[in-house]
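Structure first, then comments.
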Amino acid sequence: GKTPLFFAKEEEGKAVQVLGLIAVADTIRSDSAAAVRLLKEMGIRTVMVTGDNERTAQAIGAQAGVDRVIASVLPEGKADVIKSLGTEGKTMMVGDGINDAPALTAADVGVAIGAGSDIAIDAADVVVMKSRLMDVAEAIRLSRAVIRNIHENLFWAFIYNIIGIPLAAGAYIHAFGWSMNPMFGAAAMSLSSFFVVTNALRLNFFRMQGEDGRPLQEKQATDREAAPAQGTVQDQGVAQVQAISPKQDAAPEQTSEPDAGTAPKQTIFYHQEEKTMTTRTMKIEGMMCGHCEARVKKALEALPGVESAEVSHEKGEALVHLSGQESDEALKKAVEEQDYIVKEIR
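Take 1 as the starting number for the sequence shown in my numbering and just add one per residue.
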């Protein structure tokens, strides 16, 4: 599944000298296989449409576990593939690039990844805010829960009104002798709305799942508990064990006399090193939207010494929290590699 790249050196009057061979390969997203597996469990057939060559595409498709791979597709051909698949059933297209925009509009439902291009986001029906394919599967789960909730409300309201409205109007008096006080009729109508709204509010309890199948809220809470507190970071060193012999003059205080024949006591000292968090404010020119913020934030947080970054395109600045040594040049280079201009770092 790798693409070989040959590097050679050609000099006038000399034979071509092969310098080396480098094989490159695309890597799938960390949650791709889990997302595809979840889609299959929901009864959805997955198809990968790509412009890569057949061998590379098949290798990536095998890693992701998709049902079908369509390779060597030109950008304008993706929309035709979606239309062809549409003859077999409803289609959902997921993409993040400019080349995916026509296919996103051709599908019954177009889903754009939040970190993708602005054109793809504008062409899509649904935008997933994070670059997690698992969120695509979760969006389908949520949409199915919404449709199911709507059907429940329609069924309840239909049955309730079929019985309640004739009863309130007195239609059952001659047949069954049933009647209803108008005040109770008004209360019953309000109760119908109460049940419908309450059932709809159950969607607030919908729980997103992570790659491991655990609810995402539970996973995030566990990650927060395991993560170190921000502010002052303490690195606990290796414990130094010092045996204190009874013969030592300066013995530690003891609340009771030690028993004869017992092993010498051990005192464990922990070395703690404090690292003070530092903050840099970067003035950046060229950011226009939330997508620009995401690109700058991702580039900065990829640096080893950066703990977190807060980026605002409206203010044109980034607040960078450093937990280690990171030079201003490294911060500037990371941002300018994304085609933005750093005006000032302070």
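Heads up, the beta-carbon is just placed ideally off N, CA and C, and yes, glycines get one too.
Where the beta strand (DSSP E) containing residue i begins and where it ends
i, result
"E285", "278-285"
"T347", "Residue 347 lies beyond the stretch modelled for the chain, which goes from 1 to 346, so this question has no answer here."
"Q17", "17-24"
"M48", "47-49"
Residue i - containing alpha helix (DSSP H), residue span
i, result
"S32", "32-41"
"H291", "290-301"
"V335", "328-336"
Residue environment, residue i, which counts as buried when at least 16 other CB atoms sit within 10 Å
i, result
"A239", "No answer about A239 holds up, because its pLDDT of 36 lies below 50 and its placement is not dependable."
"M288", "exposed"
"S327", "exposed"
"E293", "buried"
"S32", "buried"
"E10", "exposed"
"D108", "exposed"
"D235", "Confidence at D235 is low in this model, with a pLDDT of 39, below 50, so the placement of that residue should be treated as unreliable; the coordinate-derived value is given next. Exposed, because fewer than 16 other Cβ atoms sit within 10 Å of the Cβ of D235."
"V335", "buried"
"V146", "exposed"
"M134", "buried"
"T198", "exposed"
"A309", "buried"
"G237", "Note that G237 has pLDDT 37, beneath the 50 cutoff, so the model's placement of it is unreliable and the number below is only indicative. It is exposed - the Cβ of G237 has fewer than 16 other Cβ atoms within 10 Å."
"I159", "exposed"
"A15", "exposed"
"V342", "buried"
"R148", "exposed"
"H381", "Not covered by the structure: residue 381. The range shown for the chain is 1 to 346."
"I244", "With a pLDDT of only 35 at I244, under the threshold of 50, the placement of this residue in the model should not be trusted, and no figure is reported."
"G95", "buried"
Whether residue i touches residue j by CB criterion (8 Å)
i, j, result
"I98", "I82", "no"
"V36", "V66", "yes"
"A79", "A103", "yes"
"A200", "G185", "no"
"A69", "M92", "With the sequence shown as reference, residue 69 is identified as Val, and Ala is not the correct amino acid for it. Contact: no."
"L322", "I345", "no"
"A123", "A101", "yes"
"M282", "E307", "no"
"T46", "D26", "no"
"V130", "G114", "The residue you asked about is not Val; residue 130 is Lys in the sequence shown. The answer is yes: Cβ separation under 8 Å."
"S192", "A157", "yes"
"A62", "I28", "no"
"Q338", "R295", "yes"
According to DSSP, residues forming a beta bridge with residue i
i, result
"I345", "M282"
"E310", "L319"
"V136", "DSSP output for V136 lists no bridge partner at all."
Residue i CB to nearest heavy atom of the ligand SAH below 7 Å
i, result
"L319", "The ligand SAH is absent from the structure shown, which contains no ligand whatsoever."
Quiz item: Which residue spans inside the segment 143-219 form an unbroken alpha helix (DSSP H) run of at least 4?
Solution: Those alpha helix (DSSP H) runs which fall completely within the segment 143-219 and span 4+ residues are 173-176, 182-201.
Exercise. Only counting runs of 3 or more residues, tell me where the beta strand (DSSP E) segments fall wholly within the segment 51-122, in order along the chain.
Key: 68-70, 92-95, 109-113
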